[in-house]
Amino acid sequence: GHLSPRFPYAEHALVAMDAALAEARGQSQTAADAYADAAIRWEGFGVLPEQGFALLGQGRCLLELSRRVESAEVLQRAREIFTRCGMGPALEETDALLAKATALSS
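Quick look at the structure:
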């Protein structure tokens, strides 16, 4: 059944999880929208790493949808967060996707 969280943190985590599940099912547009929602929620809550991961997911899905310019903008925001937080592996994935987005759009 549907989980109904009692706390905002749990609600934000469920939104992010729904985004990841939609992405895994190949529902890129649904996932991109859900990741965008999750990023806004995490930003409002001040949880930078989770905001970065949501932006990374959104950027990945936008790239999958061939929306390269939007993808690059979102991935750049994720990159700034991962750089500030010193999150190397996430930064590497973001850079690889950014290279793909910018190479394809130029």
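So in this note's numbering the end of the sequence shown lands on 112, straight run, no missing numbers.
Note that beta-carbon positions come from the ideal geometry of N, C-alpha and C, so glycine has one too.
None of the values given here were measured: they were computed from a predicted structure.
Can you find the residues in the same chain that come closer than 6 angstroms, C-beta to C-beta, to glutamine 82, ignoring five residues on each side of it along the sequence? As a first step, residue 82 is located in the sequence shown; it is residue number 76 there, counting from the start. For glutamine 82, where only same-chain residues beyond five positions count, there are no Cβ hits under 6 angstroms.
- Could you check how far apart the C-beta atoms of alanine 107 and glutamate 56 are, in whole angstroms? I think they sit under 8 angstroms. In the sequence shown, the residue the question calls residue 107 occupies position 101. In the sequence shown, the residue the question calls residue 56 occupies position 50. Alanine 107 to glutamate 56, Cβ: 22 angstroms. No contact.
Counting only runs that start and end within the stretch 59-109, where is the alpha helix (DSSP H) found for 4 or more residues in a row?
74-91
query = Who are the Cβ neighbours of tyrosine 15 in its own chain at under 6 angstroms, not counting the five residues just before and after it?
reply = Start at 1 with the first residue of the sequence shown, and residue 15 comes out as number 9. Here the set comprises nothing.
Note to self: Less than 8 angstroms between the C-beta atoms of leucine 61 and valine 75, yes or no?
What the structure shows: Here residue 61 is taken as the residue at index 55 of the sequence shown, counted from 1. Here residue 75 is taken as the residue at index 69 of the sequence shown, counted from 1. Not in contact: leucine 61 and valine 75 (Cβ atoms no closer than 8 angstroms).
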